[in-house]
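Asks: Chains as they are written, first to last, in my numbering: chain Z, 412 to 584; chain W, 412 to 584.
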């Protein structure tokens with residue numbers, strides 16, 4: 412990740428990444444299918460964890476409460492130890508159109524997965540899709556704040572604040 | 412557009428599109444930079460129109476009211492005459508990964524433009540980004556309903572209903 416940030420994603424070879432990490436290229440490929448996986452390898456586990464939290468939210472939870480449970484589950488992935496990595500990752504992705512596209516696709520998939528999980532809880536369309544998209548809106552905005560250089564609040568605090576703001580915005584007259 | 416739907420986007424040549432439209436390839440290129448432009452050529456005009464409507468919303472409008480004005484402005488582009496085209500376009504895009512990525516990027520740009528316009532109206536972050544993303548959420552869900560085969564309601568009606576649902580979801584306890 413440091414290498415991507417230093418010399419650019421396109422210019423970074425797997426051999427250089429492996430060397431920096433103290434691995435052989437062969438060992439690297441045991442962990443990652445390709446160098447894109449270094450950036451996106453965690454996204455499926457994240458999605459599974461968020462969907463599971465949504466499915467496990469308290470019976471009778473509103474759509475947005477179930478979404479809030481999914482967003483809270485992501486905090487396990489976005490702890491202080493990973494903030495430095497996440498900051499560099501965000502900068503690398505912002506600088507590379509292809510990676511940015513991939514990030515948008517992952518978010519669209521996450522949104523669809525959350526909508527489906529809301530459907531399984533009995534929420535009809537368009538409510539399920541609307542709540543899922545609203546959740547992704549909160550997630551994107553909160554995550555962007557969390558990786559900002561001057562930001563010190565935890566991901567959990569920021570996500571809760573963003574969700575509260577969305578509610579306030581939606582009800583403002 | 413019919414051609415994209417019939418034989419697939421990849422397989423459709425500019426010559427075939429021009430022939431179907433009764434144009435020479437040369438005339439085609441006077442209107443469109445390439446065949447992708449047939450699908451995405453309108454997105455900049457749409458964005459400008461939505462941003463202008465947001466900027467021109469009544470003084471004292473809340474963030475979501477200003478977003479509602481932007482969403483309403485899009486109705487001029489999504490009238491009954493264009494529903495058939497929009498349906499085919501949606502099917503073509505859903506079937507082609509590259510086009511789908513482009514669609515996601517256009518929506519991300521639209522979201523950023525709306526957030527900037529809210530900033531210009533005096534809304535701080537993260538409110539501006541949150542309201543813009545929530546607006547895109549409503550837009551995506553409403554548009555997907557509008558192009559559904561069995562849907563008969565107008566885009567305006569659907570967008571208003573979606574916005575109302577979002578408010579209800581956000582306030583449900």
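From the three backbone atoms N, C-alpha and C, an ideal C-beta is built for every residue, glycine too.
Source: prediction; values computed, not measured.
Please determine if the segment 537-546 of chain W and the segment 447-457 of chain W are in contact, where contact requires at least 3 C-beta pairs separated by less than 8 Å.
Replies: The segment 537-546 of chain W makes no contact with the segment 447-457 of chain W: fewer than 3 CB pairs, one atom from each, lie closer than 8 Å.
Asks: Under 8 Å Cβ-Cβ, which residues of chain Z neighbour residue 548 (chain W)?
Replies: The count along the second chain starts at 1 and reaches residue 548 (chain W) at position 137. Correct list: 541, 544, 545, 547 and 548.
Asks: Among Z:559, Z:565 and Z:426, which one has its Cα closest to the Cα of residue 502 (chain Z)?
Replies: Here residue 502 (chain Z) refers to the residue found at position 91 of the first chain. The residue with the shortest Cα to Cα distance from residue 502 (chain Z) is Z:559.
Asks: Is there a Cβ from chain Z that is less than 9 Å from the Cβ of residue 420 (chain W)?
Replies: As a first step, residue 420 (chain W) is located in the second chain; it is residue number 9 there, counting from the start. So no, residue 420 (chain W) is outside the interface.
Asks: Which runs of the alpha helix (DSSP H) spanning at least 4 residues fall entirely within the segment 541-565 of chain Z, listed in chain order?
Replies: Contiguous alpha helix (DSSP H) elements confined to the segment 541-565 of chain Z do not occur, taking only those with 4 or more residues.
Asks: Output yes or no for whether 9 Å exceeds the beta carbon distance between residue 465 (chain W) and residue 485 (chain W).
Replies: Position 54 of the second chain, counted from the first residue, corresponds to residue 465 (chain W). Position 74 of the second chain, counted from the first residue, corresponds to residue 485 (chain W). Contact: no.
Asks: With a CB to CB cut of under 6 Å and the five nearest residues on each side skipped, what residues in its chain are close to residue 534 (chain Z)?
Replies: Walking along the first chain from the start, residue 534 (chain Z) turns up at place 123. The residues are 474.
Asks: Between the segment 487-502 of chain W and the segment 556-570 of chain W, do three or more beta carbon pairs fall short of 8 Å?
Replies: Touching, per the Cβ criterion.
Asks: Report the residue ranges of all alpha helix (DSSP H) runs contained in full by the segment 459-538 of chain Z; include only those spanning at least 4 residues, in chain order.
Replies: DSSP runs (the alpha helix (DSSP H)) wholly in the segment 459-538 of chain Z: 474-484, 491-505 and 508-531.
Asks: Using the beta-carbon of each residue, which ones in chain W are nearer than 8 Å to residue 538 (chain Z)?
Replies: Residue mapping note: residue 538 (chain Z) aligns to position 127 of the first chain, counting from 1. Within 8 Å Cβ-Cβ: 576 and 580.
Asks: How long is the line joining the alpha carbons of residue 368 (chain Z) and residue 500 (chain Z), rounded to whole angstroms?
Replies: What the structure shows of chain Z is the stretch from 412 to 584, and residue 368 (chain Z) is not part of that stretch, so it cannot be assessed.
Asks: From this set, W:544, W:520, W:550 and W:583, which residue's C-alpha is nearest residue 570 (chain W)'s C-alpha?
Replies: One-based indexing of the second chain puts residue 570 (chain W) at position 159. Closest option to residue 570 (chain W), Cα to Cα, is W:550.
Asks: Beta carbon of residue 572 (chain Z), beta carbon of residue 578 (chain W): below 9 Å?
Replies: By 1-based counting over the first chain, the position of residue 572 (chain Z) is 161. By 1-based counting over the second chain, the position of residue 578 (chain W) is 167. No, the Cβ-Cβ distance between residue 572 (chain Z) and residue 578 (chain W) is not below 9 Å.
Asks: Establish whether the CB of residue 401 (chain Z) and some CB of chain W are separated by less than 9 Å.
Replies: Residue coverage of chain Z in this structure runs from 412 to 584, which leaves residue 401 (chain Z) outside it and unanswerable.
Asks: Let me check understanding here. Comparing Cα to Cα, which of Z:450, Z:529 and Z:483 lies closest to residue 504 (chain Z)?
Replies: In the first chain, counting from the first residue as 1, residue 504 (chain Z) sits at position 93. Cα-wise, what sits closest to residue 504 (chain Z) is Z:450.
Asks: Does any CB atom of chain W fall closer than 9 Å to the CB of residue 551 (chain Z)?
Replies: Against the first chain, residue 551 (chain Z) aligns to sequence position 140. Taking Cβ atoms only, chain W reaches closer than 9 Å to residue 551 (chain Z), which makes this a yes.
Asks: Taking the alpha-carbon positions, what's the residue 555 (chain W) to residue 506 (chain W) distance?
Replies: Position 144 of the second chain holds residue 555 (chain W). Position 95 of the second chain holds residue 506 (chain W). So the alpha carbons of these two residues sit roughly 15 Å apart.
Asks: Would you verify that the beta carbon of residue 516 (chain Z) is, or is not, closer than 9 Å to some beta carbon of chain W?
Replies: Counting from 1 along the first chain, the entry for residue 516 (chain Z) is found at position 105. For residue 516 (chain Z), the answer is yes, since a Cβ of chain W falls inside 9 Å of its Cβ.
Asks: Report the option in Z:469, Z:470 and Z:547 whose CA atom is closest to the CA atom of residue 515 (chain Z).
Replies: The residue given as residue 515 (chain Z) occupies position 104 in the first chain. Just measuring C-alpha positions, the residue of Z:469, Z:470 and Z:547 sitting nearest residue 515 (chain Z) is Z:547.
Asks: Find the residues of chain A that neighbour residue 475 (chain Z), judging by a C-beta separation of less than 7 Å, and give them in chain order.
Replies: The structure shown contains no chain A; its protein chains are Z and W.
Asks: Does residue 448 (chain W) come out as helix, strand or coil in the three-state DSSP assignment?
Replies: As a position in the second chain, residue 448 (chain W) is number 37, starting the count at 1. Residue state, collapsed to three classes: helix.
Asks: So is residue 566 (chain Z) in contact with chain W if we call contact Cβ pairs under 9 Å?
Replies: On the first chain, position 155 is the one that residue 566 (chain Z) refers to. No, because no Cβ of chain W sits closer than 9 Å to the Cβ of residue 566 (chain Z).
Asks: Can you list, in chain order, the residues of its chain with a C-beta nearer than 6 Å to that of residue 468 (chain W)? Leave out the 5 residues immediately preceding and following it.
Replies: Taking the second chain and counting its residues from 1, the one referred to as residue 468 (chain W) is at position 57. Around residue 468 (chain W): 477 and 480.
Asks: Going by other Cβ atoms of all chains shown within 10 Å of its Cβ, with 16 needed for buried, is residue 553 (chain Z) buried or exposed?
Replies: Locating residue 553 (chain Z) in the first chain gives position 142, counting from the first residue. It is buried - the Cβ of residue 553 (chain Z) has at least 16 other Cβ atoms within 10 Å.
Asks: Scan the segment 450-470 of chain Z for residues whose Cβ lies nearer than 9 Å to a Cβ of chain W and list them as they occur along the chain.
Replies: Only those residues of the segment 450-470 of chain Z whose C-beta falls short of 9 Å from the nearest C-beta of chain W would be listed, and there are none.
Asks: By Cβ distance, which residues of its chain are closer than 6 Å to residue 462 (chain Z), with the 5 residues on each side in sequence left out?
Replies: Residue mapping note: residue 462 (chain Z) aligns to position 51 of the first chain, counting from 1. Leaving aside the five residues that flank residue 462 (chain Z) on each side, the residues in its chain whose CB is nearer than 6 Å to its CB run, in chain order, 524 and 528.
Asks: Please return the same chain residues whose Cβ sits closer than 6 Å to the Cβ of residue 521 (chain W), not counting the five positions on each side in sequence.
Replies: By one-based count along the second chain, residue 521 (chain W) stands at place 110. Taken in chain order, the residues that qualify are 458.
Asks: Tell me, please, whether the CB atom of residue 562 (chain Z) is closer than 9 Å to any CB atom in chain W?
Replies: Within the first chain, the letter at position 151 stands for residue 562 (chain Z). Taking CB atoms only, residue 562 (chain Z) has no neighbour in chain W less than 9 Å away.
Asks: Quick check: is the beta carbon of residue 487 (chain Z) nearer than 9 Å to any beta carbon in chain W?
Replies: Locating residue 487 (chain Z) in the first chain gives position 76, where the first residue counts as 1. No, residue 487 (chain Z) does not count as interfacial toward chain W.
Asks: Would you say residue 556 (chain Z) faces chain W, with C-beta separation under 9 Å as the test?
Replies: Along the first chain, read from residue 1 onward, the residue named residue 556 (chain Z) stands at position 145. Yes, residue 556 (chain Z) counts as interfacial toward chain W.
Asks: Would you kindly check if the distance between the Cβ of residue 420 (chain W) and the Cβ of residue 518 (chain W) is under 9 Å?
Replies: On the second chain, residue 518 (chain W) is found 107 positions in, with the first residue counted as 1. On the second chain, residue 420 (chain W) is found 9 positions in, with the first residue counted as 1. No, the Cβ-Cβ distance between residue 518 (chain W) and residue 420 (chain W) is not below 9 Å.
Asks: Kindly list the residues whose CB is nearer than 7 Å to the CB of residue 427 (chain Z), restricted to its own chain and excluding five residues on each side of it in sequence; keep chain order.
Replies: Start at 1 with the first residue of the first chain, and residue 427 (chain Z) comes out as number 16. Excluding positions up to five away in sequence, the list reads 414.
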